[in-house]
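*Asks:* One structure coming up, written as structure tokens, with questions to follow.
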Amino acid sequence: MNTDAWFDFSDHVVLVSGGAGGIGREISRAFAHHGAHVVVADIDGGAAETVASEIGTATPAQVDVRNGNAVETLIAETCHQHGKIDVLVNTAAIYVRVPALELSETDYDRTMDINVKGTWLMCQAAARRMIEGQSGRIINYTSNAGNRGSALQLAYNASKAAVISITKSLAVEWGHTGVTVNAVAPGPTDTALMAPAFTDRALVESFAQRIPQGRLTPPDVTVGPVLFLASPLAGSITGHTLYADGGMSAT
3 MNTDAWFDFS
13 DHVVLVSGGA
23 GGIGREISRA
33 FAHHGAHVVV
43 ADIDGGAAET
53 VASEIGTATP
63 AQVDVRNGNA
73 VETLIAETCH
83 QHGKIDVLVN
93 TAAIYVRVPA
103 LELSETDYDR
113 TMDINVKGTW
123 LMCQAAARRM
133 IEGQSGRIIN
143 YTSNAGNRGS
153 ALQLAYNASK
163 AAVISITKSL
173 AVEWGHTGVT
183 VNAVAPGPTD
193 TALMAPAFTD
203 RALVESFAQR
213 IPQGRLTPPD
223 VTVGPVLFLA
233 SPLAGSITGH
243 TLYADGGMSA
253 T
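If you want it as structure tokens, here you go:
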């Protein structure tokens, strides 16, 4: 099925936080393929430049999403250079896997700062401009871990549950503004972020056994859901978390 007519993002400006990471890179490429100009924002400025160069119709940007001034500068510069932001996709995140009794305050705080505070700051800064234009799509990355209990990842699970809550709260508050706020929730995804944990083959096998489709989530699986939520087809969808986890959330 040809989806090009459905997902035509020509003349759209799309900002992807964590845009040089495994999922962020796939999202950035997909929007560029469908005509958008993509701002690839990442804490690793060199990696952002590499991905933007590969895409062609993209601008690299270095940003630490934990820093409110840096986020505001990024959003302001993007709007100054490109005139607007039509779509914001927040993929920037970290993953810490450690027993709860050994979880340090430093790792807990860092997880919350990046996964929760960073998502919120990006939403807030972008929405100020989107609300002025009475149009915009915000798509936050959460995880099915935000809706279930699991050992060794208390901080990560809590942070992703918070992203779901943030998404719902903003969707309600901004519902009348023309801005929609939704989330996408993959399952365990085969990316560099998860690579240290996935060196444990027993862990990978245990995940696969809990996923009806029997495999880890490939990095590009959530491209379709994100494009859909950013498109006019999803204009009446807001406050929703779309699970793309191979059926794991149904178990």
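Each number in this note's numbering comes from the position in the sequence shown (counting from 1) with 2 added on. Glycine residues also receive a C-beta, built at the ideal position from the N, C-alpha and C atoms. All values derive from a computational prediction rather than experimental measurement.
1) Quick one, are the C-beta atoms of isoleucine 141 and asparagine 71 less than 8 Å apart?
2) Between which two residues does the alpha helix (DSSP H) carrying glycine 47 extend?
3) Kindly identify the DSSP beta-bridge partner or partners of alanine 185.
4) So, does the CB of threonine 253 fall closer than 8 Å to a CB anywhere in chain D?
5) Are the segment 41 to 55 and the segment 10 to 22 in contact at 8 Å, needing three or more beta carbon pairs?
6) Is the beta carbon of tyrosine 245 sitting closer than 8 Å to the one on serine 251?
7) So what does DSSP say about leucine 17, is it helix, strand or coil?
8) Since aspartate 10 is in the alpha helix (DSSP H), which residue starts that stretch and which ends it?
9) Using the beta-carbon count (16 or more within 10 Å), is glutamine 211 buried or exposed?
10) Considering only the alpha carbon of each residue, which of His35, His39, Ser137 and Ala187 lies closest to histidine 84?
11) Does the Cβ of glutamine 136 have 16 or more other Cβ atoms within 10 Å, making it buried, or fewer, making it exposed?
12) Decide if alanine 95 is buried, meaning its Cβ has at least 16 other Cβ atoms within 10 Å, or exposed.
13) Taking just the CA atoms, how far does glutamate 51 sit from methionine 132?
14) Using a Cβ-Cβ cutoff of less than 7 Å, which residues in the same chain neighbour alanine 161 once the five nearest sequence positions on both sides are dropped?
15) How big is the Cα-Cα spacing for threonine 224 and alanine 153?
16) Go to leucine 156, then tell me how far its alpha helix (DSSP H) extends in each direction, as first and last residue.
17) Do glutamate 74 and alanine 127 have their C-beta atoms within less than 8 Å of each other?
18) Quick one: which unbroken beta strand (DSSP E) runs of 3-plus residues sit fully inside the segment 108 to 138? Chain order, please.
19) Is it true that the CB of glycine 189 sits closer than 8 Å to the CB of threonine 219?
20) Considering only the beta carbon of each residue, do threonine 240 and isoleucine 168 sit closer than 8 Å?
21) Just to confirm before moving on: does the CB-CB distance between valine 89 and leucine 76 stay below 8 Å?
*Replies:* Put simply:
1) Stepping through the sequence shown from its first residue, residue 141 is reached at position 139. Stepping through the sequence shown from its first residue, residue 71 is reached at position 69. Isoleucine 141 places its beta carbon 8 Å or farther from that of asparagine 71.
2) Looking up residue 47 in the sequence shown gives position 45. That run of the alpha helix (DSSP H) goes 47 to 57.
3) The sequence position of residue 185 within the sequence shown is 183, counting from 1. Alanine 185 pairs with Asn142 and Thr243.
4) Absent from the structure is chain D; it holds one protein chain and no more.
5) Taking a cut-off of 8 Å for Cβ pairs, the segment 41 to 55 and the segment 10 to 22 touch, as three or more such pairs fall below it.
6) Reading the sequence shown from its first residue, position 243 is the one you call residue 245. Reading the sequence shown from its first residue, position 249 is the one you call residue 251. The answer is yes: Cβ separation under 8 Å.
7) Position 15 of the sequence shown, counting from 1, holds the residue named residue 17. Here leucine 17 sits in strand by DSSP.
8) The count along the sequence shown starts at 1 and reaches residue 10 at position 8. Per DSSP, aspartate 10 lies in no alpha helix (DSSP H) segment and is marked neither H nor E.
9) Indexing the sequence shown from 1 puts residue 211 at position 209. Glutamine 211 should be labelled exposed.
10) Along the sequence shown, one-based indexing puts residue 84 at 82. Checking every option, the nearest Cα to that of histidine 84 belongs to His39.
11) Walking along the sequence shown from the start, residue 136 turns up at place 134. Around the CB of glutamine 136, fewer than 16 other CB atoms lie within 10 Å, so the residue is classed as exposed.
12) Start at 1 with the first residue of the sequence shown, and residue 95 comes out as number 93. Around the beta carbon of alanine 95, a 10 Å sphere encloses 16 or more other beta carbons of the protein chains shown; the residue is thus reported as buried.
13) Mapped onto the sequence shown, residue 132 falls at position 130. Mapped onto the sequence shown, residue 51 falls at position 49. Between the alpha carbons of methionine 132 and glutamate 51 lies a gap of roughly 26 Å.
14) As a position in the sequence shown, residue 161 is number 159, starting the count at 1. Sequence inspection shows serine at residue 161; the alanine mentioned does not correspond to that position. Excluding sequence positions up to five before and after serine 161, its CB lies within less than 7 Å of the CB of Thr113, Met114, Asn117 and Val118, all in the same chain and listed in chain order.
15) Working through the sequence shown from its first residue, we reach residue 224 at position 222. Working through the sequence shown from its first residue, we reach residue 153 at position 151. Straight-line Cα distance between these residues: approximately 25 Å.
16) Within the sequence shown, residue 156 is the residue found at index 154, counting from 1. 156 to 175 is the extent of the alpha helix (DSSP H) around leucine 156.
17) Taking the sequence shown and counting its residues from 1, the one referred to as residue 74 is at position 72. Taking the sequence shown and counting its residues from 1, the one referred to as residue 127 is at position 125. A contact, by the Cβ cut-off of 8 Å.
18) Qualifying beta strand (DSSP E) stretches: none in this window.
19) Sequence index remark: in the sequence shown, residue 219 carries index 217 (1-based). Sequence index remark: in the sequence shown, residue 189 carries index 187 (1-based). Less than 8 Å separates the beta-carbon of threonine 219 from that of glycine 189.
20) Taking the first residue of the sequence shown as 1, we reach residue 240 at position 238. Taking the first residue of the sequence shown as 1, we reach residue 168 at position 166. It is not a contact, given that the beta carbons lie outside the stated cut-off.
21) To locate residue 89, count along the sequence shown from 1; it is residue 87. To locate residue 76, count along the sequence shown from 1; it is residue 74. No, the Cβ-Cβ distance between valine 89 and leucine 76 is not below 8 Å.
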